[in-house]
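Numbering (numbering that gives the first Met the number 0), first residue to last: 0 to 366.
Think of the CB as a built atom: it goes at the ideal place given N, C-alpha and C, for glycine as much as any other residue.
Single-structure report; data block below.
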Amino acid sequence: MTLKRVGILTGGGDCSGLNAVIRAVTRAAVIQHGAQVVGIQNGFDGLVTGRTMTLDTAVTRDILTLGGTILGTTNKGNPFAYRELNEDGTIRVSDLSDKAVQTVRELGLDCLFVVGGEGTLEIGYKLQQKGVPMIGIPKTIDNDLEGTDYTFGFQTAVQVACDALDRLHTTGRSHHRVMLLEVMGRTAGWIALEAGIAGGAHIILIPEIPYDIRHVVRKITLRAQGGSPFTIVMVAEGAVAVGGSAITQEAATTRLQGVPQLGGVGNYLAGLIKQEIDLEVRTTVLGHIQRGGSPCAFDRVLGTRLGAAAVKAAAEGKFGHMVALRTPDIVLVPIAELAGVVRTVPPTSQLIEAAEAIGINMGRARM
Ligand code: F6P
């Protein structure tokens, strides 16, 4: 069918490549269909508040290389469980999904493109079940989405973390220090693992392999005894000790986002290591630097391909699907199949095997 009017929103945490997708969806809808394109602002929040903007080829000019999202985003605006602060600081939760559906109807959208991670796509799919025709476009730096080889934003984050490791290497070696780098990824270790390998880390700690601090200390000690009194440790924010749990900055209950804020494991580990070793230990927390800035070439290409494929899928009436990379193709995956599954690093991953084969310590005795 020919698309007359489509909408697009970006939900959840931002990442590099969102604007590449917005540009591709807009250009494909305009060029292939002569369609009008409505940008829903601030994720699903825009469907509740009615905040929108017009997108066309002029508005999306020059945004391919731009980080962030020109539409704005939020992970606080789930219309099914809309969270607002009461005056006394408590949080009230209400179901405003009918309002969101009504906004889509009033806008007269043939399709709503929902760009987001697992949580955002799930909300989009629930709206579809209430009559909103939607197509999902997967994004997240965490790369933890089922059904796709990679999400856009991930490779950029890996490159940023790798660059950081390169810099920590030179200063760490000069000062004979143990340098820890804490990276994002929530409960998945993809960023830490890929960037750690790319950046020549000596120790990589990921949530999927609970660490034993004795193995971490042993690796550092052996390196020092062997004449290398510096060690690079890559640690995922969700890393856990054997029998322990992830370290959080803030609990889910007090956050409008409704999920805990992870972080702090780098400094925690530094404290443990300092007790055992007579070397200086320093921690760098990379934080949102991984999410900001210009997308790498891979993410620009992936974002463009996904955007164009999403418009094609909408014209074919393939609602309720997400577009996904199954190298070398872009395929359609029913969102129902994702079922809230978080794709973590499998224990049998060849990435882990390669890392341990070349002597990288993963916080455990060598396999
Ligand atoms: O899911 C993307 C991500 O960047 C995670 O890696 C990280 O734990 C989280 O979002 C941080 O979220 P926020 O910006 O809301 O603190």
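- The beta carbon of Cys110 is closer than 8 Å to those of Leu2, Val5, Gly6, Pro132, Met133, Ile134, Ala313, Phe318 in its chain, skipping five residues each way along the sequence.
- With a threshold of 8 Å, the Cβ atom of Glu236 counts as near the ligand F6P, since some heavy atom of the ligand is closer than that.
- Under DSSP, the beta-bridge partners assigned to Lys138 are Phe151.
- At a threshold of 8 Å, Cys14 counts as near the ligand F6P, since its beta carbon sits closer than that to one of the ligand's heavy atoms.
- Counting only residues of its own chain and dropping the five nearest sequence neighbours on each side, Ala156 has a CB closer than 6 Å to the CB of Ile140, Ile190, Gln289.
- Per the DSSP secondary-structure output, Asn360 pairs in a beta bridge with Ile202.
- Exclusion of the five residues before and after Asp165 leaves Gly198 as the residues of its chain whose Cβ lies within less than 7 Å of its Cβ.
- Pairing Asn41 with Gln35, the inter-Cα distance amounts to about 19 Å.
- Per the C-alpha coordinates, the member of His201, Thr102, Phe43, Ile62 positioned closest to Gly16 is Ile62.
- Relative to the non-hydrogen atoms of the ligand F6P, the Cβ of Arg82 never comes closer than 8 Å to any of them.
- The criterion of a C-beta distance shorter than 9 Å is satisfied by Gly118 and Asn74.
- Using a C-beta cut-off of 8 Å, the region 142–156 makes no contact with the region 229–246, since fewer than three inter-stretch Cβ pairs fall below that distance.
- For Leu324, the beta-bridge partners assigned by DSSP are Ile329.
- Asp94 sits exposed, since fewer than 16 C-beta atoms from the chains shown fall within 10 Å of its C-beta.
- Rounded to the nearest whole angstrom, the CA to CA distance from Thr230 to Val340 is 35 Å.
- In terms of Cβ geometry, Met52 and Val37 form a close pair [threshold 9 Å].
- In the three-state reduction of the DSSP assignment, Gln40 falls in the coil class.
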